[in-house]
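Trainee:
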Amino acid sequence: KEVCHPDIGGKIIMCPQCDRLCPFWKLNITCESSKKLCIFDSFGTLVFAVFMGVWVTLFLEFWKRRQAELEYEWDTVELQQEEQARPEYEARCTHVVINEITQEEERIPFTAWGKCIRITLCASAVFFWILLIIASVIGIIVYRLSVFIVFSAKLPKNVNGTDPIQKYLTPQTATSITASIISFIIIMILNTIYEKVAIMITNFELPRTQTDYENSLTMKMFLFQFVNYYSSCFYIAFFKGKFVGYPGDPVYWLGKYRNEECDPGGCLLELTTQLTIIMGGKAIWNNIQEVLLPWIMNLIGRFHRVSGSEKITPRWEQDYHLQPMGKLGLFYEYLEMIIQFGFVTLFVASFPLAPLLALVNNILEIRVDAWKLTTQFRRLVPEKAQDIGAWQPIMQGIAILAVVTNAMIIAFTSDMIPRLVYYWSFSVPPYGDHTSYTMEGYINNTLSIFKVADFKNKSKGNPYSELGNHTTCRYRDFRYPPGHPQEYKHNIYYWHVIAAKLAFIIVMEHIALLPRLGHSGMILAHCNLCLPVDCYMCYKFIYEIRFLEQLTSDFTDSYIFYMSIISFLFSVTFFFLLLSLGPTPCFPLSNLLS
833 KEVCHPDIGG KIIMCPQCDR LCPFWKLNIT CESSKKLCIF DSFGTLVFAV FMGVWVTLFL
893 EFWKRRQAEL EYEWDTVELQ QEEQARPEYE ARCTHVVINE ITQEEERIPF TAWGKCIRIT
953 LCASAVFFWI LLIIASVIGI IVYRLSVFIV FSAKLPKNVN GTDPIQKYLT PQTATSITAS
1013 IISFIIIMIL NTIYEKVAIM ITNFELPRTQ TDYENSLTMK MFLFQFVNYY SSCFYIAFFK
1073 GKFVGYPGDP VYWLGKYRNE ECDPGGCLLE LTTQLTIIMG GKAIWNNIQE VLLPWIMNLI
1133 GRFHRVSGSE KITPRWEQDY HLQPMGKLGL FYEYLEMIIQ FGFVTLFVAS FPLAPLLALV
1193 NNILEIRVDA WKLTTQFRRL VPEKAQDIGA WQPIMQGIAI LAVVTNAMII AFTSDMIPRL
1253 VYYWSFSVPP YGDHTSYTME GYINNTLSIF KVADFKNKSK GNPYSELGNH TTCRYRDFRY
1313 PPGHPQEYKH NIYYWHVIAA KLAFIIVMEH IALLPRLGHS GMILAHCNLC LPVDCYMCYK
1373 FIYEIRFLEQ LTSDFTDSYI FYMSIISFLF SVTFFFLLLS LGPTPCFPLS NLLS
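Just so you know, we're using our numbering here: the sequence shown kicks off at 833 and counts up by one.
(1) Checking 7 Å against the spacing of the C-beta atoms, do E915 and T1043 come in under that value?
(2) Where does Q1155 fall in DSSP's three states?
(3) Pull the bridge partners of V929 from the DSSP assignment, please.
(4) Pull up the distance between the alpha-carbon of C863 and that of Q1057, whole angstroms please.
(5) By the three-class DSSP mapping on this structure, what secondary structure does C1362 have?
(6) Between which two residues does the beta strand (DSSP E) harbouring R1306 extend?
(7) Please identify the residue among T908, V909 and E938 whose C-alpha is closest to the C-alpha of E922.
(8) Take A1181 and list the residues in its own chain whose beta-carbon comes closer than 7 Å to its own, dropping the five residues that flank it on each side.
(9) V1316 bridges to which residues according to DSSP?
(10) For M1271, which of helix, strand or coil comes out of DSSP?
(11) Report all residues from its chain with a CB closer than 7 Å to the CB of I1128; omit the five preceding and five following residues, and keep chain order.
(12) Just verifying my parser: in three-state terms, what is the DSSP assignment at Y1084?
(13) State the CB to CB distance for the pair P1079 and F1287, rounded to an integer number of angstroms; the pair is presumed to be in contact (CB under 8 Å).
(14) Looking at E1037 and C954, is the spacing between their C-beta atoms short of 7 Å?
(15) Using a Cβ-Cβ cutoff of less than 7 Å, which residues in the same chain neighbour L1154 once the five nearest sequence positions on both sides are dropped?
(16) Tell me whether E1122 is buried or exposed, calling it buried when 16 or more other Cβ atoms sit within 10 Å of its Cβ.
(17) I'd like to check one pair, L1103 with I1068: are the Cβ atoms closer than 7 Å?
(18) If we ignore side chains and look at the alpha-carbon of each, how far apart do P1146 and M1157 end up?
(19) Where does N992 sit, in a helix, a strand or coil, going by DSSP?
(20) Run through DSSP, which three-state label would C836 get?
(21) With DSSP run on the structure shown, which of helix, strand or coil describes D1265?
(22) Tell me which residues share the same chain as V778 and place their Cβ nearer than 7 Å to its Cβ, disregarding the 5 neighbours each side in the sequence.
(23) Between the Cα of R924 and those of T1002, I1025 and R1040, spot the shortest distance and give me the residue it belongs to.
(24) Roughly how many whole angstroms lie between the Cα atoms of Y1296 and I1324?
(25) Considering just the uninterrupted stretch of the beta strand (DSSP E) at K1283, what are its terminal residues?
(26) Pick out whichever of V1235, C854, I1031 and A1331 has its Cα sitting closest to the Cα of V879.
(27) Along the chain, where does the alpha helix (DSSP H) containing A881 start, and where does it finish?
(28) The alpha helix (DSSP H) with G841 in it runs from where to where?
(29) Are the stretch 852 to 861 and the stretch 1217 to 1233 in contact at 8 Å, needing three or more beta carbon pairs?
(30) Which of the three DSSP states is assigned to K1288 in this structure?
(31) With the cut-off set at 7 Å, would you say I972 and S1015 are in Cβ contact?
(32) For Y1164, which residues of its own chain have a beta-carbon under 6 Å away from its beta-carbon, when the five flanking residues on both sides are left out?
(33) What number of angstroms, rounded off, separates the C-alpha of E807 from the C-alpha of Q1218?
(34) Looking at I1275: is its Cβ nearer than 7 Å to the Cβ of A1332?
(35) Under 7 Å, do G1098 and D1309 count as touching if we go by C-beta distance?
As structure tokens, this is what we get:
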């Protein structure tokens, strides 16, 4: 209300947000964005974020329980121990070493030194591509800084103060939307390239089994996708508007570009816009790609086959010419769901509608995948798997990180904590003038005053004639006004807000993570009724058989050894005994020896 009120927000002159070209502006031009911000920046968002933290815990714990039941029912508990080596691995086995456990010779593809070199090269390649993503994010930041200056200088002149356009087309909104679209395009391009590179790196690494291969590829792909999809969101949530200084001493990025500032209501609405474009655009693009690409490939294949022959092709041959799924077909389905899981959990405090969008997308995804698998791809050959592999610890890591990110978004990105501090501490004496707790005067209290004469030459804004002459302007921070003994230093309100934010993060993390420990103890991952007794009996029987074999072997070897010694000693003793008796007429020695 205060932002949109003509006597409050309409009379507050804000300082320029960039050097020279940016004009002074009135606070009430952010009225529409402030109204939208109230939808997401509310107490309900806090409750929903805590609920999502508990929901993630329950989801993962019940999934582990269900997974253990399926392992027992499908007899895959000890599958990984029985898994054979990949043909690609066995074909490269040229070095012979002694197994430390079995003490038998076995072939390996490379020595320990060669394995170390391969791991180093693979890690360097992955690190290079992550740096490439960071470079693209830096490029987007430079774009935002440059375009914001242009929009700030041009938009007020072009719209001529007309309300219908100026309400919605602010410099911050235009910069946010265009930067989000460009960021989404770069993300999709880098994804397409890195998918091929990750497979090449994993093939060069040469894992032994198919499970090891998929786990290695999973970690590489997820690490890249995590940085690629979430880096821009982390920038807006935790870096934009946090290190800007104040109008008299702004902070410059790369020594040239003045750091971006948030709207007076914060950067939460911009983060919501970024998440909406990336998450929504990714879902639409993936569904279109999954439908059109195999359909077009099959259509081209049918056209070439029909044009070359007129005979009727049997059904089994037509099915053979469908698109092959490949060994990594389901891998990309898992990857898509995990990235969506990250969007739903990591930034739910800024975009509470993310779970609803994910639900709608997954309902559509079920039907699209069913149509795709039954009509556009060859019939899959079922293969056993012990579990979902590396995706399980990845989801557990996302769940823990989600609690931290949501707590920090509410504390540092939203305006909830400063509002609560003002309501409970600074609206009443000794800091406030009101007799009861209220939010009146909040905007005036959270916008600091700056003296226009204190501007540096390069930081002074372009005067906007319609605003009239003014000696001061306002900016978003908690600092003492000019003329104060500690002018432009952080005031007591700032330190109260910082302490409240840190306390809130600690409290929210404990509220969300302590039930996790309790649920983990109460909900058993392995059902007691589904213990693999048969596997236990098999291992016990095998152990007893091997023990008896070893015992028999040891006894036989010892028996033969001792009997040989006894026979030898008996023969030698008997021989010397005969020699000591000498030859006799009735029993000649020569007859005995013969």
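All C-beta atoms in this analysis are idealised placements derived from N, C-alpha and C, irrespective of residue type, glycine included.
Mentor: Based on what the coordinates show:
(1) As a first step, residue 915 must be located in the sequence shown, where it is residue number 83. As a first step, residue 1043 must be located in the sequence shown, where it is residue number 211. Yes, they are a contact pair.
(2) Counting from 1 along the sequence shown, the entry for residue 1155 is found at position 323. Three-state result, Q1155: strand.
(3) As a working mapping, residue 929 is identified with position 97 in the sequence shown. Beta-bridge pairing links V929 to E938.
(4) The residue given as residue 863 occupies position 31 in the sequence shown. The residue given as residue 1057 occupies position 225 in the sequence shown. Cα-Cα distance, rounded: 36 Å.
(5) What you label residue 1362 is simply residue 530 of the sequence shown in a count that begins at 1. Caution applies to C1362, whose pLDDT of 45 falls short of 50 and renders its modelled position unreliable; the value that the coordinates give is listed next. The answer is helix: DSSP assigns C1362 an H, G or I state.
(6) Indexing the sequence shown from 1 puts residue 1306 at position 474. Note, R1306: beta strand (DSSP E), T1304 to R1308.
(7) To locate residue 922, count along the sequence shown from 1; it is residue 90. Comparing Cα positions, the closest option is E938.
(8) As a first step, residue 1181 must be located in the sequence shown, where it is residue number 349. Contacts found: T877, A881, N1238, I1241 and I1242.
(9) As a first step, residue 1316 is located in the sequence shown; it is residue number 484 there, counting from the start. First, the residue type needs correcting, since residue 1316 is His and not Val in the sequence shown. Beta-bridge pairing links H1316 to no other residue.
(10) As a first step, residue 1271 must be located in the sequence shown, where it is residue number 439. Three-state DSSP puts M1271 in coil, outside helix and strand.
(11) Here residue 1128 refers to the residue found at position 296 when the sequence shown is read from its first residue. So no residue of the chain qualifies.
(12) As a working mapping, residue 1084 is identified with position 252 in the sequence shown. Three-state DSSP puts Y1084 in a strand.
(13) Residue 1079 sits at position 247 when you count from the first residue of the sequence shown. Residue 1287 sits at position 455 when you count from the first residue of the sequence shown. About 6 Å separates the two Cβ atoms, so the contact holds.
(14) In the sequence shown, the residue the question calls residue 954 occupies position 122. In the sequence shown, the residue the question calls residue 1037 occupies position 205. Cβ distance < 7 Å, so C954 and E1037 count as in contact.
(15) Working through the sequence shown from its first residue, we reach residue 1154 at position 322. Only N1130, Q1208, F1209 and R1210 meet the Cβ criterion.
(16) As a first step, residue 1122 must be located in the sequence shown, where it is residue number 290. The residue in question, E1122, is buried, as its Cβ has 16 or more Cβ neighbours within 10 Å.
(17) Taking the sequence shown and counting its residues from 1, one reaches residue 1068 at position 236. Taking the sequence shown and counting its residues from 1, one reaches residue 1103 at position 271. Taking 7 Å as the Cβ cut-off, I1068 and L1103 qualify as a contacting pair.
(18) Looking up residue 1146 in the sequence shown gives position 314. Looking up residue 1157 in the sequence shown gives position 325. Each residue's alpha carbon lies about 21 Å from the other.
(19) As a position in the sequence shown, residue 992 is number 160, starting the count at 1. For N992, the predicted structure reports a pLDDT of 43, less than 50, and the residue's modelled location is therefore unreliable. The matter cannot be settled from this model.
(20) Residue 836 sits at position 4 when you count from the first residue of the sequence shown. Correct three-state label for C836: coil.
(21) Counting from 1 along the sequence shown, the entry for residue 1265 is found at position 433. Coil.
(22) One cannot answer for residue 778 here, as it falls past the ends of the chain, which runs 833 to 1426.
(23) For the purposes of this step, residue 924 is taken as the residue at position 92 of the sequence shown. Comparing Cα positions, the closest option is R1040.
(24) Looking up residue 1296 in the sequence shown gives position 464. Looking up residue 1324 in the sequence shown gives position 492. For Y1296, the predicted model reports a pLDDT of 49, less than 50, meaning its position is unreliable; a value from the coordinates is still stated below. Rounded to the nearest angstrom, the two C-alpha atoms are 33 Å apart.
(25) Within the sequence shown, the letter at position 451 stands for residue 1283. Residues L1279 to K1283.
(26) As a position in the sequence shown, residue 879 is number 47, starting the count at 1. Selected option, being the one with the closest Cα: V1235.
(27) Taking the first residue of the sequence shown as position 1, residue 881 is located at position 49. Segment F875 to E905, the alpha helix (DSSP H) holding A881.
(28) Counting from 1 along the sequence shown, the entry for residue 841 is found at position 9. That residue, G841, is in no alpha helix (DSSP H); it is neither H nor E in DSSP.
(29) no
(30) Indexing the sequence shown from 1 puts residue 1288 at position 456. Three-state result, K1288: coil.
(31) To locate residue 972, count along the sequence shown from 1; it is residue 140. To locate residue 1015, count along the sequence shown from 1; it is residue 183. A contact, by the Cβ cut-off of 7 Å.
(32) As a position in the sequence shown, residue 1164 is number 332, starting the count at 1. The answer is none, since no qualifying residue turns up.
(33) Because the chain here runs from 833 to 1426, residue 807 falls outside it and cannot be looked at.
(34) In the sequence shown, residue 1275 corresponds to position 443, counting from 1. In the sequence shown, residue 1332 corresponds to position 500, counting from 1. Not a contact, by the Cβ cut-off of 7 Å.
(35) As a first step, residue 1098 is located in the sequence shown; it is residue number 266 there, counting from the start. As a first step, residue 1309 is located in the sequence shown; it is residue number 477 there, counting from the start. Contact flag unset, no.
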